[in-house]
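Below is one structure, written out as structure tokens, with a few remarks after it.
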Amino acid sequence: MQLKRKKIAGLLSVATCSLLCTPAQADEGEWDVDSAILYYAEDDDRVQAIEPVINATKDLGDEESVSLKLVIDGLTGSSPTGAVPSTEVQTFIRPSGERSYKVAPNETPLDPSFKDTRVAYGMNWAKPYDRNNRRNYGFNVSKEYDFTSISANALWQHDANMKNTTWSYGFNLEFDQIEPTGDVPDPLTSMDKQMKGDSSDTRNVIDLLFGVTQVIDRTSLFQVNLSLSESDGYMTDPYKLVSVVDDDSGKPADQLFESRPDSRSRQGLYGKYRKTLANDDIFTASYRYMTDDWGVDSNTFDFTYRFKFGNGYYLQPHLRLYDQTAADFYTYFLLESDSPPKHASADYRLGEMDATTIGIKFGREVDRQHSWSVRLEQYEQTGESSPSEAVGQLRNQNLYPDVTATIVQFSYAFIL
Amino acid sequence: MTTRYQWLLLATVLALGGCSSLGVQPWERNILARDDMLMDADALDLAFDEHIYFSKEASSGGQGFAGGGCGCN
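Residue numbers (this note's numbering), protein chains in the order written: chain A, 1 to 416; chain B, 1001 to 1073.
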């Protein structure tokens, strides 16, 4: 929220604050409330989501603040199982093991029972330690019917070079518990046999973040982050399948529960540049490189340009370009003659892909008390739909259908 | 992997090497102090995007901590 009409004293207070520091947007004792609702819809009756969120930050004075956040995420639709299409009708057992569903010939197998509601709570406390040091502590809880996540984080920030440079150091600890419908399947066993083990499994994630934000001149600044992440535990998707197909005909002979490694190390480099131009418009560009020991390397370029008009109105086009390599254990399918792999997943999200997001945002900073915006975006994901390893009937099937999603968001911010 | 990681570190060090000659005086921050010049401006947009891309792609995080708190990936 932009508060151009804020009183001079408040502005000077913000000016002396470091750039990574969340500004005291509301005056002391006031609540700065950001609310939004997001609608996300994929084509072809795949996933749809409605996600309202509210975040309230109270200024406690002396740059100390506390934030509370509530997110509700309602999901419906169909999700790809990972199984390949066939020229014949296919029958799949639902994750519960109680009922089955059929997939028509030449259709991508989708699990139609995808329905979930996620509720997430978050709180954050920010407090200066001294003139040049601040600390932020956060705590988050997220709950779905089959998934629980608890995380805590701490971030320290140190200003140097007359507050032109801000160093950040932080960590996040996350504990997740998965309780799949129908219990945890034994990896790479046949769906038909429904071999299940425990009712739940867990994983732990540790994230480290090292960053610096540097003022370049009166109108521009950049940020560089180095991130490290270590995950240990259950990272398989209990609802995903891998088809085993006949070597010659390419017809599915069996469907196996997928299997992923039980650890993952990720490293990332992130850079962001933001500049106010002579006409007051704002240009932002960012780049992220991520790599991990699953073999996934990705590049993400992100650009926005905010055209500012009179009376607080603005228009902001957005372009995001993403590409990733496939995980080492990603496969479209397994052949009957293959020796059993240690890990295998046909989850399209682990495959080689490109994605493009094009969006536009229109909004207005009405006054000190109110601002609103509307955002419309389209996300398109493409992969290799006819891979060279396809055999038999699979040569005529689409083994990596494109994903197209529409995103609509309305935001409203106000001060209480 | 190791070589790639060393490149990340080298790029970071080089990027930070020029910091000492950059910057402004405290009274030159009027533009930088605007809310829309903050690196975490539009925080809700960033959080939504992070959640969407976490559920559709194999990489996440970078600007903040890696995405989590969701069974969607």
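Just so it is clear, CB atoms sit at the ideal spot from N, CA and C, and this is done for glycine as well.
Since the structure is predicted, the reported quantities are computational estimates derived from the model, not experimental observations.
Assigned secondary structure, residue i (DSSP; H/G/I helix, E/B strand, else coil)
{"i": "Asp159/A", "result": "strand"}
{"i": "Pro1026/B", "result": "helix"}
{"i": "Tyr348/A", "result": "helix"}
{"i": "Met353/A", "result": "strand"}
{"i": "Phe414/A", "result": "strand"}
{"i": "Arg260/A", "result": "coil"}
{"i": "Leu226/A", "result": "strand"}
{"i": "Arg364/A", "result": "strand"}
{"i": "Gln393/A", "result": "helix"}
{"i": "Ser96/A", "result": "coil"}
{"i": "Asp254/A", "result": "strand"}
{"i": "Lys240/A", "result": "coil"}
{"i": "Lys342/A", "result": "coil"}
{"i": "Ser337/A", "result": "coil"}
{"i": "Ser1021/B", "result": "helix"}
{"i": "Asp73/A", "result": "strand"}
{"i": "Asp246/A", "result": "coil"}
{"i": "Asp1035/B", "result": "helix"}
{"i": "Asp192/A", "result": "helix"}
{"i": "Asp198/A", "result": "coil"}
Own chain, CB closer than 6 Å to residue i, minus 5 neighbours either side, in chain order
{"i": "Pro261/A", "result": "His343"}
{"i": "Asp254/A", "result": "Ser190 and Val244"}
{"i": "Thr284/A", "result": "Arg274 and Thr304"}
{"i": "Thr22/A", "result": "The predicted position of Thr22/A is uncertain, since its pLDDT is 38 and thus under 50; a value taken from the coordinates is nonetheless stated next. Excluding sequence neighbours, Thr22/A sits near nothing in its chain."}
{"i": "Glu230/A", "result": "Ile206 and Ser265"}
{"i": "Tyr322/A", "result": "Thr300 and Ala355"}
{"i": "Pro180/A", "result": "Asp146 and Pro238"}
{"i": "Trp167/A", "result": "His158 and Val212"}
{"i": "Ser149/A", "result": "Ser142 and Asp176"}
Nearest-angstrom Cα separation, counted from residue j out to residue i
{"i": "Tyr287/A", "j": "Thr406/A", "result": "23 Å"}
{"i": "Asn54/A", "j": "Ala152/A", "result": "Correcting the residue identity first, residue 54/A is Ile in this sequence and not Asn. Going from the Cα of Ile54/A to the Cα of Ala152/A covers about 20 Å."}
{"i": "Lys163/A", "j": "Val205/A", "result": "32 Å"}
{"i": "Lys143/A", "j": "Val119/A", "result": "5 Å"}
{"i": "Pro128/A", "j": "Trp1027/B", "result": "22 Å"}
{"i": "Asn140/A", "j": "Gln177/A", "result": "14 Å"}
{"i": "Asp59/A", "j": "Phe333/A", "result": "55 Å"}
{"i": "Ser373/A", "j": "Thr87/A", "result": "47 Å"}
{"i": "Arg395/A", "j": "Leu1032/B", "result": "56 Å"}
{"i": "Thr117/A", "j": "Asn1030/B", "result": "44 Å"}
{"i": "Ile37/A", "j": "Ile358/A", "result": "19 Å"}
{"i": "Arg306/A", "j": "Asn279/A", "result": "11 Å"}
{"i": "Arg135/A", "j": "Asp297/A", "result": "32 Å"}
{"i": "Val224/A", "j": "Tyr270/A", "result": "6 Å"}
{"i": "Tyr121/A", "j": "Ser386/A", "result": "43 Å"}
{"i": "Lys69/A", "j": "Lys1056/B", "result": "23 Å"}
Neighbourhood of residue i by C-beta distance below 8 Å, restricted to the same chain and skipping five residues each side
{"i": "Asp248/A", "result": "Val391 and Gly392"}
{"i": "Glu107/A", "result": "Pro85"}
{"i": "Thr202/A", "result": "Phe175, Asp176, Gln177, Ile178, Gly233 and Tyr234"}
{"i": "Thr165/A", "result": "Asp159, Val212, Thr213, Gln214 and Val215"}
{"i": "Thr219/A", "result": "Lys275, Thr276 and Leu277"}
{"i": "Glu28/A", "result": "Asp59, Leu60 and Gly61"}
{"i": "Lys240/A", "result": "Thr81, Gly82, Phe257, Glu258, Ser345, Ala346 and Asp347"}
{"i": "Glu30/A", "result": "Lys58, Asp59, Ile415 and Leu416"}
Residue i Cβ short of 7 Å to the ligand NAD heavy atom set
{"i": "Gly211/A", "result": "For the structure depicted, the ligand NAD is absent and the ligand set is empty, with no information on it obtainable."}
Partner residues on chain A for residue i, Cβ-Cβ distance less than 7 Å
{"i": "Leu1046/B", "result": "None at all; the shortest Cβ gap to chain A is about 10 Å."}
{"i": "Glu1050/B", "result": "Residues of chain A passing the Cβ test: none, with the nearest at roughly 11 Å."}
Continuous alpha helix (DSSP H) stretch holding residue i: start and end
{"i": "Ala126/A", "result": "No alpha helix (DSSP H) holds Ala126/A; the beta strand (DSSP E) holding it covers Asp116 to Asp130."}
{"i": "Ile1052/B", "result": "Ala1043 to Lys1056"}
Residue i: first and last residue of the uninterrupted beta strand (DSSP E) it sits in
{"i": "Trp294/A", "result": "Where Trp294/A is concerned, there is no enclosing beta strand (DSSP E), given that its DSSP letter is neither H nor E."}
{"i": "Gln214/A", "result": "Asp201 to Asp217"}
{"i": "Ile50/A", "result": "Gln48 to Gly61"}
{"i": "Gly310/A", "result": "No beta strand (DSSP E) holds Gly310/A; DSSP gives it neither H nor E."}
{"i": "Pro109/A", "result": "Note, Pro109/A: premise wrong, no beta strand (DSSP E); not H, not E."}
{"i": "Ile178/A", "result": "Thr165 to Ile178"}
{"i": "Thr91/A", "result": "Gln90 to Ile93"}
{"i": "Phe139/A", "result": "Asn133 to Glu144"}
{"i": "Arg375/A", "result": "His370 to Gly383"}
{"i": "Tyr39/A", "result": "Trp31 to Glu42"}
{"i": "Thr81/A", "result": "Here Thr81/A belongs to no beta strand (DSSP E), and DSSP marks it neither H nor E."}
Beta-carbon neighbours of residue i, restricted to chain B and to distances below 7 Å
{"i": "Asn164/A", "result": "Leu1022, Gly1023 and Val1024"}
{"i": "Ala355/A", "result": "Glu1057"}
{"i": "Asn225/A", "result": "Gly1062 and Gln1063"}
{"i": "Met290/A", "result": "Ser1059 and Gly1062"}
Listed by chain order, chain B residues near residue i by CB distance under 9 Å
{"i": "Met219/A", "result": "At residue 219/A the sequence reads Thr, which differs from the Met that was named. Correct list: Ile1031, Leu1032 and Met1037."}
{"i": "Tyr137/A", "result": "Chain B residues near Tyr137/A: none, gap ~13 Å exceeds 9 Å."}
{"i": "Gln157/A", "result": "Correct list: empty, because the minimum Cβ distance to chain B is about 12 Å."}
Within-8 Å CB hit, residue i to chain E
{"i": "Val408/A", "result": "Of the protein chains in the structure, A and B, none is chain E."}
Cβ-based neighbour list, residue i, same chain, cut-off 7 Å, excluding 5 preceding and 5 following
{"i": "Gly182/A", "result": "Pro95, Ser96, Gly97 and Lys196"}
{"i": "Gln194/A", "result": "Ile93 and Gly97"}
Partner residues on chain B for residue i, Cβ-Cβ distance less than 8 Å
{"i": "Leu209/A", "result": "Gly1064 and Phe1065"}
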